[in-house]
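Q:
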Ligand code: DQA
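In the numbering used here, the protein residues as written are 131 to 272.
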């Protein structure tokens with residue numbers, strides 16, 4: 131079963147969006163590196179700016195995937211709907227953030243995702259996605 135790699139709002143702007151915080155890699159660069167690392171593991175790589183679409187994809191990943199790697203971006207700090215979808219999710223979810231929200235503004239200190247996932251990787255930039263894929267493969271015996 132594939133590993134779902136899901137991204138939330140504004141991650142389509144990576145590369146040009148506040149590069150001092152989020153780095154110079156585009157989301158396409160990050161996805162290409164994951165594909166190169168995936169070997170036998172199929173990846174489903176998606177990004178959306180819409181909260182409900184992330185809910186739909188988490189539900190899909192729960193049924194059709196082996197694991198989910200999720201950067202919910204700003205919805206991390208606001209979305210009870212995502213929290214509930216993750217609570218219902220039957221496969222392991224690894225939360226990724228490029229930056230370390232814990233070291234940033236007060237409004238990023240609320241996190242509805244972390245309490246509902248297996249693990250969180252934050253603050254390592256795009257490398258965090260590579261670690262998350264390695265972990266997802268190990269967790270699911272791939
Ligand atoms: C982010 C951190 C969030 O606080 C922010 O809203 C993002 C990106 C990260 O990857 O560092 O959009 O999830």
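Even for Gly, the Cβ is constructed at its ideal location relative to N, Cα and C.
#1: Can you tell me which of the three DSSP states residue 254 falls into?
#2: For ligand 1, any of its heavy atoms closer than 8 Å to the Cβ of residue 206?
#3: Cα-Cα, which of 269, 213, 197 is closest to residue 134?
#4: Determine contact between the segment 234-247 and the segment 157-176, defined as no fewer than three beta-carbon pairs at a distance below 8 Å.
#5: Whole angstroms are fine: how far does the CA of residue 132 sit from the CA of residue 174?
#6: Note down the Cα distance separating residue 257 from residue 234, rounded to an integer number of angstroms.
#7: Is residue 182 helix, strand or coil by DSSP?
#8: Is it the case that the segment 174-190 contacts the segment 136-149, given that we only count it when at least three CB pairs across the two stretches are under 8 Å?
#9: Counting only the same chain and skipping the five closest in sequence on each side, list residues whose C-beta sits under 7 Å from that of residue 187.
#10: For a test of the three-state rule: what should DSSP assign to residue 142, helix, strand or coil?
#11: Return the bridge partner residues of residue 174 from the DSSP annotation.
#12: To the nearest angstrom, how far is it from the Cα of residue 199 to the Cα of residue 172?
#13: Is the CB-CB distance between residue 202 and residue 222 below 9 Å?
A: According to the structure data:
#1: coil
#2: yes
#3: 197
#4: no
#5: 7 Å
#6: 19 Å
#7: helix
#8: yes
#9: 134, 136, 176
#10: helix
#11: 134
#12: 13 Å
#13: no
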